[in-house]
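Q: Just passing along the structure, written as structure tokens.
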Amino acid sequence: MTVSEDTLPDRSLLLRTLVPVLGLLSADAVACDITAAYVWGVDAYPHGTRVTRTRLHVAVPRGVRRVGTQAVVAHPEPVPAHERVEVEGARITAPARTAADIAARAPSVFLATSRLDMFLARGLVHRHELVAATRRRRPAGQHARLRSAVRLCSGLSHSPAESWARVLVRSTRLPAPEPQCPVPTREGLFHADLGWPRYRLALEYDSREHHAEPRTRALDRYRYAAMADEGWGIVPIGIHDLCAHPGRLLRRLQHELTARGWTCSPEDEQALQRDALRFDRHPPRLR
Numbered sequence: 018m019t020v021s022e023d024t025l026p027d028r029s030l031l032l033r034t035l036v037p038v039l040g041l042l043s044a045d046a047v048a049c050d051i052t053a054a055y056v057w058g059v060d061a062y063p064h065g066t067r068v069t070r071t072r073l074h075v076a077v078p079r080g081v082r083r084v085g086t087q088a089v090v091a092h093p094e095p096v097p098a099h100e101r102v103e104v105e106g107a108r109i110t111a112p113a114r115t116a117a118d119i120a121a122r123a124p125s126v127f128l129a130t131s132r133l134d135m136f137l138a139r140g141l142v143h144r145h146e147l148v149a150a151t152r153r154r155r156p157a158g159q160h161a162r163l164r165s166a167v168r169l170c171s172g173l174s175h176s177p178a179e180s181w182a183r184v185l186v187r188s189t190r191l192p193a194p195e196p197q198c199p200v201p202t203r204e205g206l207f208h209a210d211l212g213w214p215r216y217r218l219a220l221e222y223d224s225r226e227h228h229a230e231p232r233t234r235a236l237d238r239y240r241y242a243a244m245a246d247e248g249w250g251i252v253p254i255g256i257h258d259l260c261a262h263p264g265r266l267l268r269r270l271q272h273e274l275t276a277r278g279w280t281c282s283p284e285d286e287q288a289l290q291r292d293a294l295r296f297d298r299h300p301p302r303l304r
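The letter at position 200 of the sequence shown is residue 217 when you use the working numbering, and the numbering goes up by one with no holes.
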């Protein structure tokens, strides 16, 4: 099987490295986890990591002992034939198995969901495959995390931060937002990262990387003005809001939604206050 070269650096070098390493380990050794994800075009490594300068994740049959731990992270687990493919000579876990593995082993449901979102957005997996993957036996914590991520995932997110913002909101009793929410305007159809059409409220994630250029900023102002002319409110956020002040962001969204007609029961109001306080004390793990 050949996978088209993507923007991820050193992917071809990674594949050339994997072929001899897998052959030395076992005829049934299979690249897995975040190493396999990288081959599929999904970078789940910590920010700044060079994939060719870190250990390879490899699933090996039980009983294989001669594994160099300096070069390989060994996962003693079988990979059935239907869950593996060969990519340019290297045995790799298939997309659905890879997505489920890196989601289940993620440090948080936020990261787990964003990883599934990336696989869905690239068309590598379908939701029914992820649902089926939850039936595989795993440690209890991993199983619960994967089930939550499968429930929350969406192929419409354009960035991990959009996924994290969606998970944050859906972890509370605020109304569920619509990812890539369509906003018709006189200037054309725009799409908000997250939106509540009933209340004409949009949440927009402004990343430093993609929104730093003056032209991009000008286009954002143009979009926001067109949306505002149709009665939409815009809540712009950055990574700091998600990492450091998630509770404050939730309170702001609650205030904006309430001002636009959303109501909740006293019980939900108390639950929202508890959720905001909980996230203030324990911000989500996003790295």
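For each residue, glycine too, the CB sits at the ideal point set by N, CA and C.
The structure presented is a predicted model; accordingly, all values stated were derived computationally and were not measured.
Can you give me the C-alpha to C-alpha distance between glutamate 103 and leucine 211, rounded to a whole angstrom?
A: Position 86 of the sequence shown, counted from the start, is the residue given in the question as residue 103. Position 194 of the sequence shown, counted from the start, is the residue given in the question as residue 211. Going from the Cα of glutamate 103 to the Cα of leucine 211 covers about 37 Å.
Q: Given that a residue counts as buried once 16 or more other Cβ atoms are within 10 Å of its Cβ, and exposed if not, what is proline 112?
A: The residue given as residue 112 occupies position 95 in the sequence shown. Proline 112 comes out buried.
Q: Would you call the CB atoms of tyrosine 216 and glycine 140 closer than 8 Å?
A: On the sequence shown, residue 216 is found 199 positions in, with the first residue counted as 1. On the sequence shown, residue 140 is found 123 positions in, with the first residue counted as 1. No, Cβ-Cβ distance for tyrosine 216 and glycine 140 is not below 8 Å.
Q: Determine the burial state of threonine 110: buried for a count of at least 16 other Cβ atoms within 10 Å of its Cβ, exposed for fewer.
A: Walking along the sequence shown from the start, residue 110 turns up at place 93. Classification for threonine 110: buried.
Q: Please report the distance separating the alpha-carbon of leucine 173 from that of leucine 30.
A: Within the sequence shown, residue 173 is the residue found at index 156, counting from 1. Within the sequence shown, residue 30 is the residue found at index 13, counting from 1. Cα-Cα distance, rounded: 30 Å.
Q: Go ahead and label tyrosine 239 buried or exposed: buried means 16 or more other beta carbons lie within 10 angstroms of its beta carbon, across all protein chains shown.
A: Here the question's residue 239 lines up with position 222 in the sequence shown. It counts as exposed.
Q: Exposed or buried, what is proline 124 when buried is set at 16 or more other beta-carbons lying within 10 Å of its beta-carbon?
A: As a first step, residue 124 is located in the sequence shown; it is residue number 107 there, counting from the start. It counts as exposed.
Q: Along the chain, where does the alpha helix (DSSP H) that runs through arginine 187 open and close?
A: Here residue 187 corresponds to residue number 170 of the sequence shown, with the count starting at 1. Its alpha helix (DSSP H) spans residues 177-187.
Q: Taking the alpha-carbon positions, what's the proline 263 to proline 300 distance?
A: For the purposes of this step, residue 263 is taken as residue 246 along the sequence shown, with counting starting at 1. For the purposes of this step, residue 300 is taken as residue 283 along the sequence shown, with counting starting at 1. Answer to the nearest angstrom: the Cα atoms are 6 Å apart.
Q: Express the C-alpha separation of glutamate 230 and glutamate 221 in angstroms, rounding to a whole number.
A: The residue given as residue 221 occupies position 204 in the sequence shown. The residue given as residue 230 occupies position 213 in the sequence shown. Straight-line Cα distance between these residues: approximately 17 Å.
Q: Please identify the residue among Met244, Ala129, Arg164 and Leu128 whose C-alpha is closest to the C-alpha of histidine 145.
A: In the sequence shown, the residue the question calls residue 145 occupies position 128. Measuring from the Cα of histidine 145, the nearest candidate turns out to be Arg164.
Q: For arginine 70, which of Cys281, Arg291 and Asp27 has the nearest alpha-carbon?
A: Locating residue 70 in the sequence shown gives position 53, counting from the first residue. Arginine 70 has its Cα closest to that of Asp27, out of Cys281, Arg291 and Asp27.
Q: Relative to the C-alpha of arginine 72, which candidate in Val38, Gly255, Pro192 and Asp45 has its C-alpha closest?
A: As a first step, residue 72 must be located in the sequence shown, where it is residue number 55. Considering only alpha carbons, the answer is Val38.
Q: Fully enclosed by the segment 116-163, which beta strand (DSSP E) runs are 3 residues long or longer?
A: Runs of the beta strand (DSSP E) inside the segment 116-163: none found.
Q: Quick check: alanine 178 and leucine 147, are their CB atoms within less than 8 Å of each other?
A: As a first step, residue 178 must be located in the sequence shown, where it is residue number 161. As a first step, residue 147 must be located in the sequence shown, where it is residue number 130. No, the pair does not count as a contact, with Cβ atoms beyond the cut-off.
Q: Starting from glycine 40, follow the alpha helix (DSSP H) in both directions and report where the run begins and ends.
A: In the sequence shown, counting from the first residue as 1, residue 40 sits at position 23. Element bounds for glycine 40: 28-42.
Q: Going by beta carbon distance, what residues of the same chain come within less than 7 Å of proline 214, once the five residues before and after it are set aside?
A: In the sequence shown, counting from the first residue as 1, residue 214 sits at position 197. So the list reads Glu195 and Cys198, once near-sequence residues are dropped.
Q: Since alanine 48 contacts histidine 64 with CB under 8 Å, what's their CB separation in whole angstroms?
A: Here residue 48 refers to the residue found at position 31 of the sequence shown. Here residue 64 refers to the residue found at position 47 of the sequence shown. So it is not a contact: roughly 22 Å between Cβ atoms.
Q: Just curious, the alpha helix (DSSP H) that leucine 294 is in, first and last residue?
A: Position 277 of the sequence shown holds residue 294. Per DSSP, leucine 294 belongs to the alpha helix (DSSP H) from 283-298.
Q: Check aspartate 237 in the structure and name its three-state DSSP category.
A: On the sequence shown, residue 237 is found 220 positions in, with the first residue counted as 1. Aspartate 237 falls in the helix class under three-state DSSP.
Q: What would DSSP say about tyrosine 62, mapped onto helix, strand or coil?
A: Counting from one through the sequence shown, the residue named residue 62 turns up at place 45. Coil.
Q: Which of helix, strand or coil does DSSP assign to proline 253?
A: The residue labelled residue 253 in the question sits at position 236 within the sequence shown. In the structure shown, proline 253 sits in a strand (DSSP, three-state: E or B).
Q: Proline 194 by DSSP, collapsed to three states: which one?
A: Counting from 1 along the sequence shown, the entry for residue 194 is found at position 177. Here proline 194 sits in coil by DSSP.
Q: Tell me the rounded alpha-carbon separation between glycine 61 and alanine 54.
A: In the sequence shown, counting from the first residue as 1, residue 61 sits at position 44. In the sequence shown, counting from the first residue as 1, residue 54 sits at position 37. It should be noted that the sequence gives alanine, not glycine, for residue 61. Near 7 Å, if we compare the C-alpha coordinates of alanine 54 and alanine 61.
Q: I'd like to check one pair, arginine 79 with proline 93: are the Cβ atoms closer than 8 Å?
A: Stepping through the sequence shown from its first residue, residue 93 is reached at position 76. Stepping through the sequence shown from its first residue, residue 79 is reached at position 62. Result yes, Cβ atoms of proline 93 and arginine 79 sit closer than 8 Å.
Q: For leucine 191, count neighbouring Cβ atoms within 10 angstroms of its own Cβ and tell me buried if that reaches 16, exposed if not.
A: To locate residue 191, count along the sequence shown from 1; it is residue 174. With 16 or more Cβ atoms within 10 Å of its Cβ, leucine 191 is classed as buried.
Q: Can you check DSSP and say which residues form a bridge with threonine 202?
A: Start at 1 with the first residue of the sequence shown, and residue 202 comes out as number 185. DSSP lists Gly205 as partners of threonine 202.
Q: Put threonine 69 into one of helix, strand or coil per three-state DSSP.
A: On the sequence shown, position 52 is the one that residue 69 refers to. Note: threonine 69 maps to helix in three-state DSSP.
Q: With 16 other CB atoms within 10 Å as the buried threshold, where does leucine 41 fall?
A: Stepping through the sequence shown from its first residue, residue 41 is reached at position 24. So leucine 41 counts as exposed.
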